[in-house]
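Residue numbers (my numbering): 788 to 1018.
Glycine is no exception: its CB is placed at the ideal position from the N, C-alpha and C atoms.
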């Protein structure tokens, strides 16, 4: 693939993979907690939390990127504090990962939440009556049952992160080799004469990744449905 792509195209692909991987891995623990809370817990503000989780799906991505810039920029309330600690998100690849994680978070939470809701609570209650703690029940009963759904959600989130453009370019700009991901590179190539070939190659890669993620996600969703039904 390195011979097929130019150095600029390869840098964009490599950065996209890096950003998407970190966005998925870092948001997964919070997605597990959030999905479990929305599926099983009843508490004041539950609907507000559900709305906040899904807000990135309905907001224009540019708005999300602007809010990230206001919050995590070097002059933002959180960004200024993090900068003093040596952590900078604005106009860095880490900011691209943060933007991608926020945009992909709703898809991951929804996939995991559906898996949790499909698990019969009586299975967990039975394990509890045998003396197992809640944490042990979750690790030994709930997690194995929802694992295909967790993987499916992570795959969807990874694919979404690979395709994120609006929030990313607003928050971290489009700096080749630093913040230029696949969508940003496609946009940049389409702005210059003769860039159609490079754009077409990156589009083909993006379509292949997205289609592969959808197929894998559907396969895993069918697996979790059969597994829960057999339980």
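Are the CB atoms of residue i and residue j nearer to each other than 9 Å?
i           : j            : result
residue 826 : residue 944  : no
residue 941 : residue 811  : yes
residue 883 : residue 795  : no
residue 951 : residue 998  : no
residue 938 : residue 1007 : yes
residue 792 : residue 988  : yes
residue 881 : residue 809  : yes
residue 813 : residue 888  : yes
residue 972 : residue 960  : no
residue 861 : residue 875  : yes
residue 910 : residue 932  : yes
residue 975 : residue 981  : no
With H, G and I counted as helix, E and B as strand and the rest as coil, what does DSSP make of residue i?
i            : result
residue 852  : helix
residue 837  : helix
residue 967  : coil
residue 878  : coil
residue 915  : helix
residue 906  : coil
residue 993  : helix
residue 843  : helix
residue 940  : helix
residue 960  : coil
residue 805  : helix
residue 862  : coil
residue 796  : helix
residue 830  : coil
residue 1005 : helix
residue 976  : helix
residue 951  : coil
residue 814  : helix
residue 999  : helix
residue 930  : helix
residue 867  : helix
residue 789  : Confidence at residue 789 is low in this model, with a pLDDT of 48, below 50, so the placement of that residue is unreliable and no value is reported for it.
residue 920  : coil
Would you please state the rounded distance, in angstroms, between the beta carbons of residue i and residue j? I believe it to be under 8 Å.
i           : j           : result
residue 807 : residue 949 : 5 Å
residue 823 : residue 906 : Rounded, the Cβ-Cβ distance is 10 Å, inconsistent with contact.
residue 901 : residue 859 : Actually they do not touch by this definition, with Cβ atoms about 30 Å apart.
residue 996 : residue 922 : In fact, because the Cβ distance is near 36 Å, the residues do not count as touching under 8 Å.
Within the same chain, show all residues whose beta-carbon is closer than 7 Å to that of residue i, passing over the 5 residues directly before and after it, in chain order.
i           : result
residue 856 : 877, 957 and 958
residue 832 : none
residue 990 : 973
Excluding five sequence neighbours on each side, which residues of the same chain lie with their C-beta closer than 8 Å to the C-beta of residue i?
i           : result
residue 927 : 914 and 919
residue 992 : 800 and 969
residue 962 : 878
Counting only the same chain and skipping the five closest in sequence on each side, list residues whose C-beta sits under 6 Å from that of residue i.
i           : result
residue 851 : 843 and 954
residue 841 : 893
residue 798 : 964
residue 866 : 859 and 860
residue 868 : none
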